[in-house]
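Written out below as structure tokens is the structure these notes cover.
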Amino acid sequence: MATTTLSPRARAVRSSVAMKALMAVTGLIMIGFLLMHMYGNLKVFLGAEAFDHYAHWLKGDILYPLIPSGWFIWIFRAFMLAAIVLHAASAVHLWRKANAARGSSYVTTNRLQQSYAARTMRWGGVILVGFLVFHLLQFTAQVIKTGWNSGAGPYEMFVVSFQQWWLVLAYALWMVAVCMHIRHGFWSAAATLGANTSLASRRVWNGLAYCVAVLLYVGFMIAPLAVLFGVVK
Amino acid sequence: MNITLRVWRQAHGAPKGGMQTYQMQDVSPDMSFLEMLDLLNEKLTVEGIEPVAFDHDCREGICGMCGVVIDGSAHGRGASPVPTTTCQLHMRSFADGATIDVEPWRAGGFPVIKDLVVDRTAFDRIIQAGGFISVNTGSAPDANAAPVSKVDSDRAFDAATCIGCGACVAACPNGSAMLFTSAKITHLAMLPQGQPERWSRVKGMVAQHDAEGFGNCTNIGECAAVCPKEIPLDMISELNRELMHALFKKDAK
Ligand code: HEM
Ligand code: SF4
Ligand code: FES
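From first to last, the protein sequence lines are chains A and B.
Per the numbering used here, residue 1 is the first one in the first sequence, and the count goes up by one each step.
Per the numbering used here, residue 234 is the first one in the second sequence, and the count goes up by one each step.
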């Protein structure tokens with residue numbers, strides 16, 4: 001038994017429950033971002049001009065003249081980075097504690113409930129971030145060039161990249177990892193924030209989590225597939 | 234029935250143990266699992282082998298003392314639709330000739346004392362951190378002196394059926410005791426008698442839960458699936474709600 005001089009309130013603020021609430025909020029922020037990002041990507045179907053104009057606007061005049069032109073994207077990036085760092089740092093902290101709490105492993109285990117998605121939240125999260133780094137180096141920093149030359153516009157980058165089947169495949173696999181994390185994460189966030197109130201609501205939240213995960217998968221993959229099969233050129 | 238038992242043996246104070254195999258003949262299908270273990274111990278005693286230590290008391294599913302992991306599921310419910318304690322599990326649930334694995338609860342917060350017996354005093358300390366109401370006791374109050382709505386009293390009663398067996402911790406991949414803690418929190422949060430200490434209680438009990446080295450809940454649901462009293466997973470969500478609310482209250486500063 002550990003002893004501490006902190007008051008119960010101070011310990012409750014630092015408790016796993018409070019930390020999980022932080023993970024839930026940051027996780028939901030990231031899901032919100034993904035939904036917006038997915039919607040934005042679908043603009044490739046409107047053609048080069050619409051897509052490039054949208055991409056340009058993101059980095060330009062949002063909230064201008066309230067804030068100087070071009071600032072919004074950096075404020076937004078800092079916000080998203082904070083969300084991801086807080087989420088991942090809490091995940092790692094709780095992961096280590098849970099490993100110690102688990103103790104020695106059973107000779108025989110019989111899993112009655114847990115889904116594959118629930119069981120792979122931690123390693124899945126790590127894989128997810130690994131590919132995220134690649135994704136940002138590719139399309140944001142433009143350090144990894146997948147078939148285009150310097151100075152290519154957003155639409156050109158998108159189309160040239162996804163004309164290569166292996167890149168579409170890599171993204172398809174990455175999105176499986178992302179959507180599996182969201183499949184359990186969305187429900188888990190609801191439960192963590194106190195929204196699971198009955199057996200029926202448990203089913204509803206799990207159903208919604210499936211919907212969000214499938215929506216994101218289809219919404220994100222449809223544009224690269226359209227490029228691969230020559231619907232979008 | 235003939236049964237092959239593989240039982241976890243761990244000497245008192247030893248850091249590790251291992252599985253030992255025992256052959257059991259003439260097991261009656263009407264025996265409870267604990268009676269079958271009694272039979273094993275009689276046999277071992279006759280053979281001059283140290284009997285297997287296991288916890289038990291009421292043997293009618295109400296005290297929470299018994300509990301071992303049987304074929305990988307806490308209390309041995311397995312795929313059965315009926316929740317059970319180990320003492321209420323009967324040998325007819327197993328096939329003749331079966332091999333059955335018996336292990337202790339395993340969790341950082343529940344160190345093994347000997348064989349199948351684990352130290353669950355961490356639960357007592359979580360209760361001591363707030364799982365009670367401070368009142369002057371005297372003669373029993375009039376029934377209905379403090380009205381409670383049907384919905385709340387049902388919910389409180391459902392929560393109060395938790396017998397503190399620890400199966401939830403044993404089954405949880407994170408070694409979390411949130412289902413147990415949430416049952417105690419929900420029980421008292423629903424009732425008028427629980428209100429004065431409501432916010433300090435949840436802070437104290439969650440703080441103690443973590444201090445005991447139990448893990449965080451990832452809403453997997455393994456706990457509720459093995460709980461002999463069917464404490465539902467939503468009680469953990471209730472605890473989360475109580476705690477977040479409590480963090481904005483001045484109690485237990
Ligand atoms: C940095 C990489 C990431 C890691 C290591 C990680 C890890 C985790 C872990 C361990 C959990 C707790 C498991 C559970 O509650 O069942 C979790 C929950 C969650 N994750 Fe992630 N994750 C990462 C990135 C993301 C991303 C990019 C999103 C959004 C798309 C996300 C959304 C969520 C949500 C909504 C939850 C539920 C929160 C809760 O129940 O408290 N995560 N994550
Ligand atoms: S919640 Fe269920 S499994 Fe956990 S201690 Fe109480 S009765 Fe046992
Ligand atoms: S011995 Fe009392 S619940 Fe099993």
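C-beta: ideal position from N, C-alpha, C; glycine also.
For the stretch 424–436 of chain B, enumerate the residues whose C-beta is nearer than 8 Å to any C-beta of chain A, in chain order.
433, 435, 436
Which residue wins for smallest C-alpha separation from residue 199 of chain A, given the options B/458, B/318, B/258, B/425?
By one-based count along the first sequence, residue 199 of chain A stands at place 199. Ranking B/458, B/318, B/258, B/425 by Cα distance to residue 199 of chain A puts B/458 first.
9 Å Cβ cut-off: residues of chain A touching residue 479 of chain B:
For the purposes of this step, residue 479 of chain B is taken as the residue at position 246 of the second sequence. Under the 9 Å cutoff, chain A gives 9, 12.
Would the beta-carbon of residue 290 of chain B be found less than 7 Å away from any heavy atom of the ligand FES?
Looking up residue 290 of chain B in the second sequence gives position 57. Yes, the beta carbon of residue 290 of chain B sits closer than 7 Å to at least one heavy atom of the ligand FES.
Are the C-beta atoms of residue 447 of chain B and some chain A residue less than 8 Å apart?
Residue numbering aside, residue 447 of chain B sits at position 214 when the second sequence is read from its first letter. Chain A contact via Cβ: present.
Kindly confirm or deny that the stretch 177–184 of chain A and the stretch 63–73 of chain A touch, where touching means at least three C-beta pairs closer than 8 Å.
no
Could you tell me which of B/464, B/482, B/283 sits nearest to residue 398 of chain B, measuring between CA atoms?
As a first step, residue 398 of chain B must be located in the second sequence, where it is residue number 165. Checked all of B/464, B/482, B/283; the closest Cα to residue 398 of chain B is B/464.
Going by alpha carbons, who is nearest to residue 123 of chain A out of A/96, A/140, A/108?
If you number the first sequence from 1, residue 123 of chain A lands on position 123. Checked all of A/96, A/140, A/108; the closest Cα to residue 123 of chain A is A/96.
Closest Cβ-Cβ distance between residue 359 of chain B and chain A: below 8 Å?
Start at 1 with the first residue of the second sequence, and residue 359 of chain B comes out as number 126. So, not an interface residue.
How many Å lie between residue 115 of chain A and residue 453 of chain B at the Cα?
In the first sequence, counting from the first residue as 1, residue 115 of chain A sits at position 115. In the second sequence, counting from the first residue as 1, residue 453 of chain B sits at position 220. Spanning the two alpha carbons is a distance of roughly 8 Å.
Provide the residue span of the alpha helix (DSSP H) that contains residue 217 of chain A, from first to last.
Taking the first residue of the first sequence as position 1, residue 217 of chain A is located at position 217. Note, residue 217 of chain A: alpha helix (DSSP H), 199–228.
Span separating the alpha-carbon of residue 219 of chain A from that of residue 67 of chain A
By 1-based counting over the first sequence, the position of residue 219 of chain A is 219. By 1-based counting over the first sequence, the position of residue 67 of chain A is 67. For residue 219 of chain A and residue 67 of chain A, the distance between alpha carbons rounds to 32 Å.
Should the stretch 326–340 of chain B be called in touch with the stretch 134–150 of chain A, which here means at least 3 C-beta pairs below 8 Å?
no
To which residues of the same chain is residue 39 of chain A closer than 8 Å at the C-beta, ignoring the five residues directly before and after it?
Counting from 1 along the first sequence, the entry for residue 39 of chain A is found at position 39. Cβ within range, chain order: 219.
Do we get a CB-CB distance below 8 Å when we pair residue 18 of chain A with the residues of chain B?
The count along the first sequence starts at 1 and reaches residue 18 of chain A at position 18. Yes, residue 18 of chain A lies at the interface with chain B (some Cβ there is under 8 Å from its Cβ).
Under 8 Å (Cβ pairs) to chain A, residues found in the stretch 378–403 of chain B:
none
Rounded to whole angstroms, what is the Cα-Cα separation between residue 449 of chain B and residue 456 of chain B?
Along the second sequence, read from residue 1 onward, the residue named residue 449 of chain B stands at position 216. Along the second sequence, read from residue 1 onward, the residue named residue 456 of chain B stands at position 223. Distance between the alpha carbons of residue 449 of chain B and residue 456 of chain B: 13 Å.
Any non-hydrogen atom of the ligand FES closer than 7 Å to residue 297 of chain B Cβ
Residue 297 of chain B sits at position 64 when you count from the first residue of the second sequence. It does: the Cβ of residue 297 of chain B is within 7 Å (strictly closer) of some heavy atom of the ligand FES.
Can you list, in chain order, the stretches of the beta strand (DSSP E) that have 3 or more residues and sit fully within the stretch 281–310 of chain B?
none
If we call anything under 8 Å between Cβ atoms a contact, is residue 371 of chain B one with residue 417 of chain B?
The residue given as residue 371 of chain B occupies position 138 in the second sequence. The residue given as residue 417 of chain B occupies position 184 in the second sequence. No, they are not a contact pair.
Please list, in chain order, all residues of the same chain as residue 484 of chain B whose beta carbon is under 6 Å from its beta carbon, the five residues on each side excluded.
Taking the first residue of the second sequence as 1, we reach residue 484 of chain B at position 251. Correct list, in chain order: 432, 433.
Would residue 348 of chain B and residue 286 of chain B be called neighbours here (beta carbons separated by less than 8 Å)?
Taking the first residue of the second sequence as 1, we reach residue 348 of chain B at position 115. Taking the first residue of the second sequence as 1, we reach residue 286 of chain B at position 53. Against a cut-off of 8 Å, the Cβ pair of residue 286 of chain B and residue 348 of chain B comes out as a contact.
Closer than 8 Å to chain B by CB, residue 83 of chain A:
Counting from 1 along the first sequence, the entry for residue 83 of chain A is found at position 83. False, the Cβ-Cβ gap to chain B never drops below 8 Å.
Identify whether residue 251 of chain B lies in helix, strand or coil by the three-state DSSP scheme.
Along the second sequence, read from residue 1 onward, the residue named residue 251 of chain B stands at position 18. Residue 251 of chain B falls in the strand class under three-state DSSP.
First and last residue of the beta strand (DSSP E) that includes residue 463 of chain B?
Walking along the second sequence from the start, residue 463 of chain B turns up at place 230. Premise fails: residue 463 of chain B is in no beta strand (DSSP E) and is neither H nor E.
Compare the C-beta of residue 300 of chain B with all C-beta atoms of chain A and state if any pair is closer than 8 Å.
The count along the second sequence starts at 1 and reaches residue 300 of chain B at position 67. Cβ-Cβ to chain A under 8 Å: no for residue 300 of chain B.
Is it buried or exposed, residue 278 of chain B, if we count other Cβ atoms within 10 angstroms and call 16 or more buried?
Position 45 of the second sequence holds residue 278 of chain B. Exposed: under 16 other Cβ atoms inside 10 Å.
Close-in-space but distant-in-sequence residues of the same chain around residue 129 of chain A (CB under 7 Å, 5 per side omitted)
Within the first sequence, residue 129 of chain A is the residue found at index 129, counting from 1. So the qualifying residues of the chain are 88.
Separation of residue 163 of chain A from residue 229 of chain A, as counted between CA atoms
Residue 229 of chain A sits at position 229 when you count from the first residue of the first sequence. Residue 163 of chain A sits at position 163 when you count from the first residue of the first sequence. Each residue's alpha carbon lies about 8 Å from the other.
If you follow the alpha helix (DSSP H) that residue 375 of chain B is part of, which residue opens it and which one closes it?
One-based indexing of the second sequence puts residue 375 of chain B at position 142. Premise fails: residue 375 of chain B is in no alpha helix (DSSP H) and is neither H nor E.
Going by the DSSP bridge assignment, what does residue 345 of chain B pair with across the sheet?
In the second sequence, the residue the question calls residue 345 of chain B occupies position 112. According to DSSP, residue 345 of chain B bridges with B/351.
Whole-angstrom Cβ separation of residue 175 of chain A and residue 94 of chain A, contact assumed at under 8 Å?
Residue mapping note: residue 175 of chain A aligns to position 175 of the first sequence, counting from 1. Residue mapping note: residue 94 of chain A aligns to position 94 of the first sequence, counting from 1. So it is not a contact: roughly 25 Å between Cβ atoms.
Buried or exposed: which applies to residue 154 of chain A, given that a residue is buried once 16 or more other Cβ atoms fall within 10 Å of its Cβ?
Working through the first sequence from its first residue, we reach residue 154 of chain A at position 154. So residue 154 of chain A ends up on the buried side.
With burial defined as no fewer than 16 other Cβ atoms inside 10 Å of the residue's Cβ, what is the status of residue 475 of chain B: buried or exposed?
Numbered from its first residue, the second sequence carries residue 475 of chain B at position 242. The residue is buried, with at least 16 neighbouring Cβ atoms inside 10 Å.
Within the chosen definition, does the stretch 200–219 of chain A reach the stretch 183–190 of chain A through at least 3 CB pairs nearer than 8 Å?
yes
Do residue 447 of chain B and residue 10 of chain A have their CB atoms nearer than 8 Å?
In the second sequence, residue 447 of chain B corresponds to position 214, counting from 1. In the first sequence, residue 10 of chain A corresponds to position 10, counting from 1. Cβ atoms of residue 447 of chain B and residue 10 of chain A: not closer than 8 Å.
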